[in-house]
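Positions 266 to 496 (the numbering used here) are the ones given, in order, by the sequence shown.
Below is one structure, written out as structure tokens; comments come after it.
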Amino acid sequence: MTKQSRPQTTIVLAMSADGKIADVTHAPARFGSKNDKAHLEKQIATKDAVLFGAGTLRAYGTTLTVSHPHLLQHRKSNGKPPQPVHIVISDSGELNPDIRFFQQPVERWLISTATGANFWQTRPEFKRILVFETPAGKVDIHAAFKHLTTLGIAQLGVLGGGNLVANLLELNLIDQIWLTICPLILGGEDAPTPVEGCGFLAKLAPRLQLIEVRTENQEVFLHYSLQQFPD
Numbered sequence: 266m267t268k269q270s271r272p273q274t275t276i277v278l279a280m281s282a283d284g285k286i287a288d289v290t291h292a293p294a295r296f297g298s299k300n301d302k303a304h305l306e307k308q309i310a311t312k313d314a315v316l317f318g319a320g321t322l323r324a325y326g327t328t329l330t331v332s333h334p335h336l337l338q339h340r341k342s343n344g345k346p347p348q349p350v351h352i353v354i355s356d357s358g359e360l361n362p363d364i365r366f367f368q369q370p371v372e373r374w375l376i377s378t379a380t381g382a383n384f385w386q387t388r389p390e391f392k393r394i395l396v397f398e399t400p401a402g403k404v405d406i407h408a409a410f411k412h413l414t415t416l417g418i419a420q421l422g423v424l425g426g427g428n429l430v431a432n433l434l435e436l437n438l439i440d441q442i443w444l445t446i447c448p449l450i451l452g453g454e455d456a457p458t459p460v461e462g463c464g465f466l467a468k469l470a471p472r473l474q475l476i477e478v479r480t481e482n483q484e485v486f487l488h489y490s491l492q493q494f495p496d
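What follows is the structure in structure tokens.
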């Protein structure tokens, strides 16, 4: 799939110095500084939509919205709504409709399977429900990404979690990565990492090109592009 037939897609994640995005309890990762939160908000503000897996939403119960006046004005000046679309991707669609996410002032979409979408079809929480399913009963991510471009999603941010990121990397659907390295060690062999899944053999691993390195106080912000391979 060419970039023209899918959104330009950027992963934005913070991790500990030992490469963990949460501790062993899988608790919401709130170890980033105010600078990291501002960086995340700035990245969200540049996107038409942000995408995250159901596990990430279950952990946090909320999503980050654009609140800085300058960022809101910039979106308005570019003819964009105050908030990007917030898209949840889930095979099962098993989400608690009482979490605060569903009261936040954002437009919500769901990408799921027929089974996962069933509960939400007659409910008001999601403005759009996109059903793309493989023969194995999983979300057809390739088809979903292709369809997003027809809905005006040209710039997409991915906010986790590790299994979703692994799937997108395996499908060659990522263009750039922003990683914030935070000054703490979490450890734990079961603590989540930015890329979960089955892993990549070294000779087949996605290759990165460093675009930018920035330090703010004790955090390091790394910006990479991904080397793209023919589908």
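Here a beta-carbon is modelled for each residue, glycine too, at the ideal position from N, C-alpha and C.
All of these numbers come straight from a predicted model, not from anything done at the bench.
- DSSP places residue 295 outside both helix and strand once states are collapsed to three, so it counts as coil.
- DSSP, read as helix, strand or coil, puts residue 474 in strand.
- In this model, residue 363 and residue 373 are separated by some 14 angstroms (Cα to Cα).
- Here residue 490 has 441, 474 and 476 as same chain residues with Cβ atoms under 6 angstroms from its own Cβ, once five neighbours each way along the sequence are excluded.
- Taking 9 angstroms as the cut-off, the Cβ atoms of residue 357 and residue 375 do not count as close.
- In this structure, residue 444 sits away from residue 274, with a CB-CB distance that is not shorter than 9 angstroms.
- Here residue 388 carries a coil assignment [DSSP, helix/strand/coil].
- Taking a contact to require three or more Cβ pairs closer than 8 angstroms, the region 337 to 353 and the region 445 to 453 do not qualify as touching.
- Residue 303 is not a Cβ neighbour of residue 279, given a cutoff of 9 angstroms.
- Counting the other Cβ atoms within 10 Å of the Cβ of residue 335 gives fewer than 16, which makes it exposed.
- In the structure shown, residue 382 adopts helical secondary structure according to DSSP, grouped into three states.
- In the DSSP secondary-structure assignment, residue 357 is not bridged to any residue.
- The region 414 to 429 makes contact with the region 458 to 471, as at least three CB pairs between them are under 8 angstroms.
- Residues 309, 312, 313, 314 and 315 of the same chain have their beta carbon placed closer than 7 angstroms to that of residue 349, with the five preceding and five following residues left out of the count.
- With a 10 Å radius around the Cβ and a threshold of 16 neighbouring Cβ atoms, residue 469 comes out exposed.
- Bounds of the beta strand (DSSP E) holding residue 279 are 273 to 281.
- Excluding its 5 nearest sequence neighbours in each direction, residue 305 has C-beta neighbours in its own chain below 7 angstroms: 277 and 329, listed in chain order.
- Secondary structure of residue 435 (DSSP, three-state): helix.
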